[in-house]
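Report on the structure given below.
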Amino acid sequence: MISKTIIAQQNTEQQVAELIESLSHIADENFDYAEMMDRINYYRSHPLNLNTASEAELKEFMLLSPLQISSLLNHIKENGVLADLLELQAIEHFDLNDIQHLLPFLSIGLPNSLIGLEITDLIDGKHDLIIRFKQDLQKRAGYQVADSSHSRYEGSPQQLLIRYRYVLNKHISAGINLEKDPGEYFYSKHAGLFDYRAANISLKSIGPLQKLVIGDYDLQFGQGLTLWSGLSFGKSSAVHTLVKPEVGLKPYSSFNEGLFFRGLANTIGFGAIKFTSFYSIRKLDASLDENMEIGSIILTGLHRTATEIAHQKNLKYKSFGGILEWKRSHLNLGLIAFHSAFDQPFASGDQPYNLFDFHGKTLNNYGLSANYTISNSYLFSEIAHSSSGGTAFLAGLLTSLSPKLSLGLHYRNYPKNYHSFFNAALSESSSSINENGFYAVLNFKFDRKWEWSYFVDYFVFPWLKYGVDAPSDGFEMLSQLSFQPNKRLQVIGLYKIEQKQENDDQEQTFHFLETIKSQRIRLDLRYWVNKMIQIRNRLETIQTKLERSYLTYQELQYKPLQSKFSFNCRFTLFKVPSYDSRIYTYQPDVLYQTSIRLFQNEGMQFLANLRYRLQKGLDCWLNYVSYRYSNLDHIGTGLSEIKGNKASELKFQIRYQF
Amino acid sequence: MKITSLFLILFSASLYAQPPSGARMTAIADAGVAIGDIWSLNVNQAGLLDVDSFTLALDHQKLLLDQKISASKLILAKPFKQNVLGFGFSRYGYDTYKQHEITFAFGRAFGPKIATALALHYHQLSIGIYGKTSAYSIDAGLIYKMSPLLSLGAHVSNLNNHSFGENLSFMALPLRIQFGTAYSVSQQLMIAAALEQNSVSQAALKLGLDYQMIKSLTLRAGIKTNPIRESAGLGLFIKNFKFDLAFISQHSLGFGSQIGLSYEF
Chain A
1 MISKTIIAQQ
11 NTEQQVAELI
21 ESLSHIADEN
31 FDYAEMMDRI
41 NYYRSHPLNL
51 NTASEAELKE
61 FMLLSPLQIS
71 SLLNHIKENG
81 VLADLLELQA
91 IEHFDLNDIQ
101 HLLPFLSIGL
111 PNSLIGLEIT
121 DLIDGKHDLI
131 IRFKQDLQKR
141 AGYQVADSSH
151 SRYEGSPQQL
161 LIRYRYVLNK
171 HISAGINLEK
181 DPGEYFYSKH
191 AGLFDYRAAN
201 ISLKSIGPLQ
211 KLVIGDYDLQ
221 FGQGLTLWSG
231 LSFGKSSAVH
241 TLVKPEVGLK
251 PYSSFNEGLF
261 FRGLANTIGF
271 GAIKFTSFYS
281 IRKLDASLDE
291 NMEIGSIILT
301 GLHRTATEIA
311 HQKNLKYKSF
321 GGILEWKRSH
331 LNLGLIAFHS
341 AFDQPFASGD
351 QPYNLFDFHG
361 KTLNNYGLSA
371 NYTISNSYLF
381 SEIAHSSSGG
391 TAFLAGLLTS
401 LSPKLSLGLH
411 YRNYPKNYHS
421 FFNAALSESS
431 SSINENGFYA
441 VLNFKFDRKW
451 EWSYFVDYFV
461 FPWLKYGVDA
471 PSDGFEMLSQ
481 LSFQPNKRLQ
491 VIGLYKIEQK
501 QENDDQEQTF
511 HFLETIKSQR
521 IRLDLRYWVN
531 KMIQIRNRLE
541 TIQTKLERSY
551 LTYQELQYKP
561 LQSKFSFNCR
571 FTLFKVPSYD
581 SRIYTYQPDV
591 LYQTSIRLFQ
601 NEGMQFLANL
611 RYRLQKGLDC
621 WLNYVSYRYS
631 NLDHIGTGLS
641 EIKGNKASEL
651 KFQIRYQF
Chain B
1001 MKITSLFLIL
1011 FSASLYAQPP
1021 SGARMTAIAD
1031 AGVAIGDIWS
1041 LNVNQAGLLD
1051 VDSFTLALDH
1061 QKLLLDQKIS
1071 ASKLILAKPF
1081 KQNVLGFGFS
1091 RYGYDTYKQH
1101 EITFAFGRAF
1111 GPKIATALAL
1121 HYHQLSIGIY
1131 GKTSAYSIDA
1141 GLIYKMSPLL
1151 SLGAHVSNLN
1161 NHSFGENLSF
1171 MALPLRIQFG
1181 TAYSVSQQLM
1191 IAAALEQNSV
1201 SQAALKLGLD
1211 YQMIKSLTLR
1221 AGIKTNPIRE
1231 SAGLGLFIKN
1241 FKFDLAFISQ
1251 HSLGFGSQIG
1261 LSYEF
């Protein structure tokens, strides 16, 4: 049973890795996925009690599909509480594989009057502190400029990160995130101590007050068309990611310095009605032109050079709004309205492609979302309007046509003049604007060994885009076959093809569009040698019109049950002619640091990740990554350039729970 | 208007590679190479062996973008012991572009698992000032029922690689090869997939689902790549009548609808 649990945990980590890899085309390398790992790790130490969990809590859990949630709640309503987790097998939409994946994160509480009393109620305050330190072992050009009048990295090359959580009881918790990126000042008069600071105090379930957050928070409502900040998933080989798990208000836990809310927010519930209101003021980074008009908001959170520091917090952003939710048996309705105001105006577009971009100082957003569960189907929809003129719409369906086959359909229509600063609805572009499309996804479990996933997404961009001087269209298709002949071996084959239109590269006044096609083949092999050792292999190749790239890695994972010591190491070889055929790979790292890496050029990478438990509650990690390129004599360009063909970085992290 | 219609039809002809098949097959993205029914006459004639008694079928398709373009067809099939005879007549186009096709098909079963068929098509094409031409083509098809749940199908059309002559030789009559499978996931649900390669364009993958919601009502959906075409439809069964409806959405052609009716005597 224990070894099963370990394998289940690793499977879940793998699922998370797959989801994150599926996002790699829209999020960049520095994106912080900790939010997701955070939740997974939380449930590992505080398993979700299925017998007492509310619908909202089940949604927050992220690994259950809306159909599973609805059939579970129905089952408990009709048959009473679960006496054993394996009873899940009898519930529609759960199969044995799913259950094994979920087991480490679930509990059923005690089947008597003690239900509702969580173990955490009995424990007084719990602290969780993480300190992380990272440094490149080679010096980048930006640190070697002595003349302060030239562009250079002003701060020190180390990254320092502190993450602190305090859980007093199930009602009260608090968190602080502090970070200084490489090249940033540890202390400056302008920005104070640590370049990035986020904190919050959060209250939960106190009478009609369901949630209250003072400080930094995320808002995730509907299907992400009107109001959704933070992490969200879209197209992937997992069918259920096409539905956003609407979490509502939640404390901000990420190190992404981009768009989130800072201020006060609360959710009050009375029977079938919930009302969330929020007020937020934040300072953002923006590039301003000579008329003090905003060119764009800068989301990287990097303040290393004089120019980057000059942009720091130069834009004031105020927002407030309310969300009314109503629930009746299988129907959920949500009404969203919020106001955004900037202290500087956005500039009007001066190019044909940005003609319809948002301009001005204020924006109102309104949205109406609905979802409905009917027998084996989950229907959802959202319609959103921005005061700048556009009305966007999406509708979809998640259905399990048989216990073996689930199907998801998603239609979207986002006009070119629809604007929201917090939209995360399913899309091909990084934001839900100027795009129509239809997405269909299918998952077919032949039997316990074979599983096939397929999706196809067809999209049209009705207006021009940057680098695309005419309306354009394209498609993306994925087919993935997974074979698990026994508990120890898993083989996954993936084929993906993507086709889009872009300007030709001829030197002429008017560009014609040409079709850009890229095909990816990936083969993954995972093998559990025994309870302690797992081997992972990958072979991946991408073919574009002009070139082909390759990547292969071998990874060894050593995770003994009772030992204080565990590690994984990976050796990667890659040959990637250019950025057009770049390969992204999810990479093992220290706890809460979930990274994807972009591979380009030719060479090899070695990675080692060690964990050591000093004593109960005190763990430390050491992570070393080194690259050696065979076709370069310097790595990177500009200030980030490293002389020579070697680059390496070292990371150390310590966690103290008390 | 005529010019747009001609453009559309040339474009759509290259999209379809041949005039559209029946509404039931259209709804599942023409992925029915391993499926047997009356509409197999236009996909894989070996499927006609699943027709149990004399059957008559009619079908009509229209594009919403240009109401003048339409496709109609008539199909008859009659089984004799292990054999089946099929006849089809179809018309496609509008006044300045017309394509007619007459099909004779003969199918023979070898035991309960193997069905084979040969078909002969006579095509006639006329395009306004370009004139009129005709061609013959031969098809061969095979369906293998591996188990009651799983069938495999293969089909070659225009085996003789005939093409339209003279001034209309630019109109392709491609050699087309299809492989596919149909799998009954449950009593209600069937999934069909097919891969098509023809001599004038890239390979296309077709995927269709056929879901019997209740005894007399079936819902269908399909998707085809190269170019992407989405489709959905439904089927109603009332006594010996089968009534099929299909909708297609294709970026360049817009929306289209199709209706089919068949009666089993």
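So the sequences go chain by chain: A and B. With our numbering, the residue at position 107 of the first sequence is 107, and numbering never jumps. With our numbering, the residue at position 244 of the second sequence is 1244, and numbering never jumps. The C-beta atom is built at its ideal place from N, Cα and C for all residues, glycine as well.
Within the DSSP bridge table, the entry for A/Ile268 names A/Leu209 and A/Phe275 as partners. When Cβ-Cβ separations below 8 Å define contact, B/Gln1099 makes no contact with chain A. When the Cα atoms are used, B/Gly1107 and B/Lys1113 turn out to be separated by approximately 14 Å. DSSP lists no beta-bridge partner residue for B/Val1185.
Identification of residues in the segment 1212-1242 of chain B having a C-beta nearer than 7 Å to some C-beta of chain A yields Ile1223, Thr1225, Ile1228 and Glu1230, given in sequence order. At least one CB atom of chain A sits nearer than 8 Å to the CB of B/Ser1186.
Residue contact with chain B for A/Ser402: present (Cβ-Cβ distance below 8 Å to some residue of chain B).
If you compare the alpha carbons of A/Lys77, A/Gln68, A/Pro157 and A/Arg163 with that of A/Tyr592, the shortest gap goes to A/Arg163. Measuring C-alpha to C-alpha distances from A/Ile323 to each of A/Gly360, A/Gly269, A/Thr300 and A/Pro345 identifies A/Gly269 as the nearest. Taking A/Ala424 as reference, the option from A/Asn530, A/Leu405 and A/Pro245 with the minimal CA-CA separation is A/Pro245. Secondary structure of A/Val239 (DSSP, three-state): helix. For the C-beta of A/Met292, not a single chain B residue is nearer than 8 Å; the gap to the nearest is close to 42 Å. Closer than 8 Å to the CB of A/Asp473 there is at least one CB belonging to chain B. At a C-beta separation below 9 Å, A/Tyr196 has no neighbours in chain B, since its nearest C-beta there lies roughly 43 Å away. In the structure shown, A/Ala310 falls within a helical segment according to DSSP collapsed to helix, strand and coil. By the C-beta density criterion, A/Gly437 is buried, having at least 16 other C-beta atoms within 10 angstroms. Apart from sequence neighbours up to five positions away, the residues of its chain that approach A/Lys646 with a beta-carbon distance below 6 Å are Arg628, ordered along the chain.
Here B/Gly1208 is buried. Its C-beta has 16 or more other C-beta atoms within 10 Å. When the five nearest sequence neighbours on each side are left out, the beta carbons in the same chain lying within less than 8 Å of the beta carbon of B/Leu1150 are those of Thr1181, Ala1182, Tyr1183 and Ser1184, in order along the chain.
The Cβ of B/Leu1149 sits no closer than 8 Å to any Cβ of chain A.
B/Ala1034 carries a helical assignment under DSSP once its states are collapsed to helix, strand and coil.
The three-state reading of DSSP puts A/His511 in coil, since its state is none of H, G, I, E or B. Taking the Cβ atoms as the reference, A/Asp95 lies roughly 7 Å from A/Pro403, within the contact range of under 8 Å.
Under the three-pair Cβ rule at 8 Å, the segment 388-395 of chain A does not count as touching the segment 441-450 of chain A. The three-state reading of DSSP puts A/Ile99 in helix, counting H, G and I together. Beta-bridge partners of A/His634 (DSSP): A/Lys643. Identification of chain B residues near A/Leu67 by a Cβ-Cβ cut-off of 9 Å yields none; the smallest Cβ-Cβ distance measures about 16 Å. The DSSP assignment places complete beta strand (DSSP E) segments of no fewer than 3 residues inside the segment 291-377 of chain A at 294-298, 315-328, 331-346 and 360-374, in order along the chain.
Per DSSP, B/Leu1056 is one residue of the beta strand (DSSP E) stretching across Thr1055 to Leu1063. Non-local beta-carbon contacts of A/Ser479 in its own chain, meaning distances under 6 Å to residues more than five positions away in sequence, involve Tyr454 and Tyr495 in chain order. Distance check between A/Thr307 and each of A/Lys651, A/Arg548 and A/Leu639 places A/Leu639 closest, using alpha-carbon atoms only. Excluding five sequence positions before and after B/Lys1215, the CB atoms of its chain that fall closer than 8 Å to its own CB belong to Phe1237, given in chain order. Fully enclosed beta strand (DSSP E) runs of no fewer than 3 residues occupy 435-445, 450-461 and 472-486 of the segment 424-488 of chain A, in order along the chain. By the C-beta criterion, the segment 230-247 of chain A is judged to be in contact with the segment 393-403 of chain A, since at least 3 inter-stretch pairs fall below 8 Å. With contacts defined as CB atoms closer than 8 Å, A/Asn266 and A/Lys211 qualify as a contacting pair. Cβ neighbours of A/Leu573 within its own chain (closer than 6 Å, five residues either side excluded): Thr552 and Met604.
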